[in-house]
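Comments concern the structure below.
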Amino acid sequence: MKKLGFTVFLLVLSMVFVTYVFSAGQAEAKREIPDKLVIGSLEPLTGAHAVFGSEAKLGTEIAVRHINEAGGIKSLGGVKLEVAAEDCGENADTAKLGAESLISKHKPIAIVGLYISRLTVAASEVTEREKVILMVDALVDSVTEMGRRYLFRPGPKASQHGKSAVEFVLGASKKSGTNIQRVAILNEDSAFGRSNAMGATESAITNGLTIVYQREYPYDISDVSSIINDIAAAKPDFVVHCPYFMDAILFANTFKESGKIPKFISGMGACGYTDPESINALGTTAEYYSNTFSYNPAKDTAQNRKFVEDFRKETGHIPTEAGGMDYYITWTLKEALELSGRLFPDDPLNPDNIRKAFLQLDLQSGPAVDTFPTNRITFTETGDNPHARAVILQVINGEPKVVWPFDTAETTAVFPRPDTTY
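Residue numbers (the numbering used here): 595 to 1016.
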């Protein structure tokens, strides 16, 4: 009898233990959603590229404000977002330190940044190791060719920018009846400039153009008069150029001072010539320059108009590349979090589950698409969006205007330049 009682006791104890373990396992499996989710903004906020980084950060901040006003992440119970910003500096070491600092201090669910491709590559070593989603606004093609599992880029590649710069000129020349056969290709000598130039070169060859001059130069170059003279001697019909900021100002001023101006100068890569800061620095010299952009400030949707209005209130000008990209990037991240909440309700913030959600996204409407240059956002295994395209802005009467693609342009391009001298 005693043996039977002891056996019953052990059986009851075992059942209690199993019930406890099962309940504890269930509690552990269902992850708690925090009171807020931190989005990291890691951008160059000091140094030569701060002009881009400060606007990128603002784009993320406005997006987070709009997301919170719309109810936060609804599949996660309406949890709100919060931005934590960090300066990534100007080199690989400061970019890594910035990523490490942001992650250790704020535990972000994702990081948006870093605009400059070489800084993106460096910081991605940290985010990959820590399994933090990195949403990039950098253009260099190879950024998504490194095998990073937690890195995603909604916007177009640099090579697409280069191709677009050439395609725009060819289209504008046909519309105006201008003969275009000869092209000069210029780029600053980083991977960014080289990727843009590769796209332009490929498009030029595909379209049967003759490349009469091609040159790389250091982005901190201080005298470009010999390059301008060499270009004039080669007699191109147009120049395709990938600068950063200060070198674009130097080239534009030197072209004007030399009096040697081709039929058109087509920027590529979204840095210089047509952004508000470049227009302010160049004054009337900025007239007729164009550049490619990963964001369309003239897209006629209510969401885009709201963003442009709020951005203008804070800066006095419209958003262009950096601010616009980080706005739709942040909204894309929001949609991935929403999907992760629906697909993985027990563990929606697990980085592997968020990654799976990104790979299942197919956005064809909503705020992210309403502010995106095309009307679809999906992701390949490498983290690229195969539907990404660039637009062209041209400075006309002191204002950057969308002039390409022609079917969605807000005005007609001025082509060729009325001040051309050869």
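For each residue, glycine too, the CB sits at the ideal point set by N, CA and C.
Bridge partners of residue i, per DSSP?
i: residue 998; result: 986
i: residue 634; result: 678 and 705
i: residue 745; result: 728
i: residue 885; result: 987
i: residue 776; result: 804
i: residue 782; result: 811
i: residue 673; result: 667
i: residue 993; result: 990
i: residue 865; result: Paired residues: none, contrary to the question.
i: residue 971; result: 957
i: residue 964; result: According to DSSP, residue 964 bridges with nothing at all.
i: residue 978; result: 747
Would you kindly check if the distance between the Cβ of residue j and the Cβ of residue i is under 9 Å?
i: residue 714; j: residue 732; result: yes
i: residue 803; j: residue 703; result: no
i: residue 637; j: residue 681; result: yes
i: residue 923; j: residue 640; result: no
i: residue 633; j: residue 676; result: yes
i: residue 698; j: residue 785; result: no
i: residue 985; j: residue 887; result: yes
i: residue 885; j: residue 764; result: no
i: residue 766; j: residue 807; result: no
i: residue 635; j: residue 707; result: yes
i: residue 1002; j: residue 890; result: yes
i: residue 834; j: residue 791; result: yes
i: residue 716; j: residue 728; result: no
i: residue 770; j: residue 1009; result: yes
i: residue 929; j: residue 957; result: yes
i: residue 955; j: residue 926; result: yes
i: residue 882; j: residue 1013; result: yes
i: residue 737; j: residue 730; result: yes
i: residue 744; j: residue 650; result: no
i: residue 811; j: residue 851; result: no
i: residue 839; j: residue 997; result: no
i: residue 813; j: residue 787; result: yes
i: residue 896; j: residue 647; result: no
i: residue 892; j: residue 995; result: yes
i: residue 941; j: residue 747; result: no
i: residue 950; j: residue 938; result: yes
Please tell me whether, using a cut-off of 8 Å, the distance from the CB of residue i to the nearest non-hydrogen atom of the ligand MG is below it.
i: residue 900; result: By its list of ligands, the structure shown contains no ligand whatsoever, and the ligand MG lies outside what it can speak to.
Determine, for residue i, whether the minimum Cβ-Cβ distance to residues of chain B falls below 9 Å.
i: residue 723; result: In the structure shown, chain B does not exist; there is a single protein chain.
If you follow the alpha helix (DSSP H) that residue i is in, where does it begin and where does it stop?
i: residue 692; result: 686-700
i: residue 658; result: 644-663
i: residue 902; result: 896-909
i: residue 760; result: 752-770
i: residue 845; result: 840-852
i: residue 919; result: 915-937
i: residue 874; result: 870-876
i: residue 825; result: 819-828
I think residue i touches residue j, with their Cβ atoms under 8 Å apart; what is that distance to the nearest whole Å?
i: residue 982; j: residue 793; result: In fact, because the Cβ distance is near 13 Å, the residues do not count as touching under 8 Å.
i: residue 678; j: residue 700; result: 4 Å
i: residue 819; j: residue 848; result: 6 Å
i: residue 880; j: residue 989; result: 5 Å
i: residue 932; j: residue 627; result: About 13 Å separates the two Cβ atoms, so there is no contact after all.
i: residue 908; j: residue 652; result: 6 Å
i: residue 656; j: residue 904; result: 5 Å
i: residue 753; j: residue 789; result: 5 Å
i: residue 861; j: residue 837; result: 7 Å
i: residue 980; j: residue 968; result: Wrong, their Cβ atoms sit about 10 Å apart, outside the cutoff.
i: residue 809; j: residue 844; result: With 8 Å as the limit, residue 809 and residue 844 do not qualify as a contact, their Cβ atoms being about 14 Å apart.
At what residues does the beta strand (DSSP E) containing residue i begin and finish?
i: residue 859; result: 858-861
i: residue 788; result: Counting along the chain, residue 788 falls outside any beta strand (DSSP E), though it belongs to the alpha helix (DSSP H) covering 785-800.
i: residue 811; result: 804-811
i: residue 952; result: Where residue 952 is concerned, there is no enclosing beta strand (DSSP E), although the alpha helix (DSSP H) it sits in stretches over 945-954.
i: residue 834; result: 832-836
Original post:
Is the number of C-beta pairs between the segment 663-676 and the segment 944-953 that are closer than 8 Å three or more?
Top reply: no
Original post:
Are the segment 685-692 and the segment 906-916 in contact at 8 Å, needing three or more beta carbon pairs?
Top reply: no
Original post:
Three or more beta-carbon pairs under 8 Å between the segment 962-978 and the segment 855-870, yes or no?
Top reply: no
**OP:** Flag this pair as touching only if the segment 851-863 and the segment 761-778 have three or more C-beta atom pairs under 8 Å; answer yes or no.
**Re:** yes
Original post:
Can we say the segment 794-801 touches the segment 815-825, given the rule of at least three CB pairs closer than 8 Å?
Top reply: no
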